[in-house]
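Before any comments, here is the structure.
In my numbering, the protein residues as written are 2 to 152.
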């Protein structure tokens with residue numbers, strides 16, 4: 002093996018390791034983002050294609066989540082939706098537990114609530130049910146809902 006090939010393999014392995022570390026480091030944020038997305042998307046009883054598309058675009062353009070594949074994002078989102086559909090109380094409880102892990106990180110919490118509001122309004126209608134859930138999520142994250150014009 003030539004030195005160039007060895008160096009390229011070494012760089013490749015280092016890049017893979019960095020990606021794995023970033024994924025592990027941001028797994029809680031991914032879960033919180035998908036939990037919040039599932040809660041807000043299901044607030045009005047249906048999940049529109051606009052809401053799904055807005056969530057995917059947000060994830061693809063967010064540095065903290067860009068290390069995750071679209072498949073990872075969709076899988077996490079679908080898992081939260083499935084849990085809520087199977088048993089609303091338990092599913093919602095698990096979603097709020099995932100969100101609560103971001104409470105101590107104010108920057109992450111603010112980013113999450115902005116994403117959630119954006120998803121809720123993506124279909125052109127930020128209705129009372131979605132607003133109620135957004136308020137609940139903001140409080141779960143330790144944020145003042147009024148700061149985001151939710152109250």
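For each residue, glycine too, the CB sits at the ideal point set by N, CA and C. Small disclaimer: the values here were computed from a predicted structure and weren't measured.
Looking only at its own chain, which residues have a Cβ that is under 7 Å from the Cβ of residue i, when we skip the five neighbours before and after it?
i	result
residue 152	136 and 146
residue 51	123 and 124
residue 140	146
residue 118	135 and 149
residue 128	45
Measuring alpha carbon to alpha carbon, tell me which residue in the options is nearest residue i.
i	options	result
residue 75	149, 108 and 31	31
residue 36	81, 102 and 134	81
residue 148	127, 111, 141 and 134	111
residue 1	86, 103 and 88	The chain is shown from 2 up to 152; residue 1 falls before or after that span and cannot be answered.
residue 164	127, 126 and 106	Because the chain in this structure spans residues 2 to 152, residue 164 falls outside the shown range and cannot be described.
residue 115	53, 29, 138 and 126	138
residue 86	127, 133 and 42	42
Nearest-angstrom Cα distance between residue i and residue j?
i	j	result
residue 98	residue 47	22 Å
residue 91	residue 62	31 Å
residue 121	residue 78	15 Å
residue 142	residue 113	9 Å
residue 88	residue 108	31 Å
residue 33	residue 101	8 Å
residue 55	residue 95	23 Å
residue 131	residue 49	13 Å
residue 126	residue 45	10 Å
residue 53	residue 39	9 Å
Go through its chain and collect everything with a Cβ distance to residue i's Cβ below 6 Å, but skip five positions before and after it.
i	result
residue 69	31
residue 59	116
residue 133	none
residue 84	92 and 95
residue 29	102
So, for residue i: in the same chain, excluding its five sequence neighbours on each side, which residues have a beta-carbon less than 8 Å away from its beta-carbon?
i	result
residue 57	71, 74 and 75
residue 67	60 and 61
Where are the alpha helix (DSSP H) runs, 4 residues long or more, that stay fully inside the segment 39–105, in chain order?
As far as the segment 39–105 is concerned, its whole alpha helix (DSSP H) runs of at least 4 residues are 50–61, 71–87 and 89–101.
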